[in-house]
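Single-structure report; data block below.
Protein chains in written order, with the UniProt record's numbering: chain A, 1 to 178; chain B, 1 to 148.
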């Protein structure tokens with residue numbers, strides 16, 4: 001098997017009409033885009049629309065992505081933006097946050113081998129964070145998480161936020177070390 | 001707080017509990033066929049619900065503008081399908097046609113010398129129109145999502 005092509009090669013290849021390069025981009029980043037759309041709270045049909053929308057945006061921008069090596073982060077950001085626009089359209093009224101200016105400090109987490117590192121880091125957390133994040137990742141609602149961990153339901157949200165904050169600190173420490 | 005969504009996405013992804021459905025991957029790969037080489041993209045300048053009625057079944061008006069060409073699209077959803085009536089201006093003259101596109105169906109229609117065109121019975125979802133004029137690069141509208 002030849003080495004897989006890097007995103008920085010795949011993007012210009014796709015721009016010049018190479019379907020196989022496009023397919024490789026999809027194989028590489030499609031699952032992350034799906035996870036991003038679902039993490040925004042979209043149901044399956046809406047998440048499918050958001051992901052499809054992000055691919056169509058990439059088609060529009062094949063020639064003007066300023067950093068081809070970062071196309072994965074670009075796709076994740078664009079998926080999130082489409083997901084938020086979709087949520088905003090479903091709920092009348094002003095958007096809860098600005099979707100046009102999006103610094104995306106965390107998108108690197110979804111890059112490359114970030115997932116393995118993420119779980120390794122989760123496994124170093126103390127309880128209840130380790131179990132809580134594992135349960136949250138498997139799509140359990142707050143009530144079920146509360147029952148499984150023996151927490152009052154009202155504390156699941158704040159605990160989750162605190163655990164994610166710890167995780168974020170650990171990850172940024174690791175990135176500094178690397 | 002929204003940054004947490006990225007962590008949750010990564011956690012969910014790595015946990016393997018919610019894999020991307022096969023039809024989503026297939027649709028993404030097939031979208032490549034919608035690439036229009038050398039196309040110029042016209043950007044939307046705003047949406048208007050016709051007659052200002054929120055949530056009514058009336059048509060949506062969308063204008064897309066690029067240098068030298070403007071699209072005005074009137075999009076109507078009826079019986080679960082989309083009808084598009086459009087105007088390109090300035091009128092493009094003879095020999096112009098449009099592709100009214102969705103990921104699953106593209107309808108090619110001639111453009112009248114007045115700049116008008118119409119296409120009916122498209123599936124809801126993402127929509128884009130490409131205008132082909134002799135002697136010019138094709139102009140595509142940005143993709144917009146149209147759902148009932």
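We put the beta carbon where it would ideally sit given N, CA and C, even for glycine.
heavy atom of the ligand MG below 7 Å from residue i C-beta
| i | result |
| --- | --- |
| residue 86 (chain A) | Questions concerning the ligand MG fall outside what the structure shown contains, since it holds no ligand whatsoever. |
Pair within 8 Å by beta-carbon distance, residue i and residue j
| i | j | result |
| --- | --- | --- |
| residue 138 (chain B) | residue 65 (chain B) | no |
| residue 10 (chain A) | residue 24 (chain A) | yes |
| residue 56 (chain A) | residue 7 (chain B) | no |
| residue 34 (chain B) | residue 82 (chain B) | no |
| residue 12 (chain B) | residue 137 (chain A) | yes |
| residue 27 (chain B) | residue 59 (chain A) | no |
| residue 69 (chain B) | residue 86 (chain B) | no |
| residue 145 (chain B) | residue 121 (chain B) | no |
| residue 167 (chain A) | residue 121 (chain A) | yes |
| residue 123 (chain B) | residue 102 (chain B) | yes |
| residue 75 (chain A) | residue 50 (chain A) | no |
| residue 4 (chain B) | residue 48 (chain A) | no |
| residue 10 (chain B) | residue 133 (chain A) | no |
| residue 90 (chain B) | residue 133 (chain B) | no |
| residue 62 (chain A) | residue 15 (chain A) | yes |
Residue i classed as buried or exposed, judged by whether at least 16 other C-beta atoms fall within 10 angstroms
| i | result |
| --- | --- |
| residue 172 (chain A) | exposed |
| residue 81 (chain A) | buried |
| residue 153 (chain A) | exposed |
| residue 7 (chain A) | buried |
| residue 33 (chain A) | buried |
| residue 105 (chain B) | exposed |
| residue 3 (chain A) | exposed |
| residue 199 (chain A) | Nothing about residue 199 (chain A) can be read from this structure; chain A reaches only from 1 to 178. |
| residue 46 (chain A) | buried |
| residue 90 (chain A) | exposed |
| residue 42 (chain A) | buried |
| residue 15 (chain B) | buried |
| residue 148 (chain B) | exposed |
| residue 21 (chain A) | buried |
| residue 69 (chain A) | exposed |
Residue-level contact to chain B via CB, residue i, 8 Å cutoff
| i | result |
| --- | --- |
| residue 6 (chain A) | no |
| residue 138 (chain A) | yes |
| residue 118 (chain A) | yes |
| residue 13 (chain A) | no |
| residue 127 (chain A) | no |
| residue 73 (chain A) | no |
| residue 146 (chain A) | no |
| residue 112 (chain A) | Reliability of the predicted coordinates at residue 112 (chain A) is poor, the pLDDT of 44 falling under 50, and the value obtained from them is presented with this limitation in mind. Chain B, which has no Cβ nearer than 8 Å to the Cβ of residue 112 (chain A), makes this no. |
| residue 161 (chain A) | yes |
| residue 31 (chain A) | yes |
| residue 36 (chain A) | yes |
| residue 23 (chain A) | yes |
| residue 17 (chain A) | yes |
| residue 49 (chain A) | yes |
| residue 168 (chain A) | yes |
| residue 164 (chain A) | yes |
| residue 132 (chain A) | no |
| residue 69 (chain A) | no |
| residue 59 (chain A) | yes |
| residue 44 (chain A) | yes |
Any C-beta of chain A under 8 Å from that of residue i
| i | result |
| --- | --- |
| residue 132 (chain B) | no |
| residue 24 (chain B) | yes |
| residue 97 (chain B) | no |
| residue 11 (chain B) | yes |
| residue 149 (chain B) | Summary: the structure shown does not reach residue 149 (chain B), with chain B confined to residues 1 through 148, and so no result is reported for it. |
| residue 194 (chain B) | The structure shown does not extend to residue 194 (chain B), since chain B is modelled only from 1 to 148, so the question has no answer here. |
| residue 41 (chain B) | yes |
| residue 137 (chain B) | no |
| residue 7 (chain B) | yes |
| residue 20 (chain B) | yes |
| residue 148 (chain B) | no |
| residue 149 (chain B) | Chain B is shown from 1 up to 148; residue 149 (chain B) falls before or after that span and cannot be answered. |
| residue 103 (chain B) | yes |
| residue 63 (chain B) | no |
| residue 71 (chain B) | no |
Rounded Cβ spacing between residue i and residue j (contact assumed at less than 8 Å)
| i | j | result |
| --- | --- | --- |
| residue 128 (chain A) | residue 77 (chain A) | The Cβ separation is near 31 Å, so there is no contact. |
| residue 114 (chain B) | residue 71 (chain B) | Residue 114 (chain B) to residue 71 (chain B), Cβ: 14 Å. No contact. |
| residue 147 (chain A) | residue 135 (chain A) | Not a contact, Cβ separation roughly 10 Å. |
| residue 111 (chain B) | residue 129 (chain B) | No, residue 111 (chain B) and residue 129 (chain B) are not in contact; Cβ-Cβ is about 10 Å, not under 8 Å. |
| residue 45 (chain B) | residue 63 (chain B) | 5 Å |
| residue 26 (chain A) | residue 21 (chain B) | Actually they do not touch by this definition, with Cβ atoms about 13 Å apart. |
| residue 38 (chain A) | residue 18 (chain B) | 6 Å |
| residue 123 (chain A) | residue 149 (chain A) | Wrong, their Cβ atoms sit about 17 Å apart, outside the cutoff. |
| residue 60 (chain B) | residue 75 (chain B) | 5 Å |
Bridge partners - residue i, DSSP secondary structure assignment
| i | result |
| --- | --- |
| residue 132 (chain B) | B:97 |
| residue 40 (chain B) | B:139 |
| residue 116 (chain B) | B:87 |
| residue 126 (chain B) | B:145 |
| residue 110 (chain B) | B:97 |
| residue 81 (chain B) | B:78 |
Original post:
For the segment 118 to 130 of chain B, which residues have a beta carbon sitting closer than 7 Å to at least one beta carbon of chain E?
Top reply: In the structure shown, chain E cannot be found, because the protein chains are A and B.
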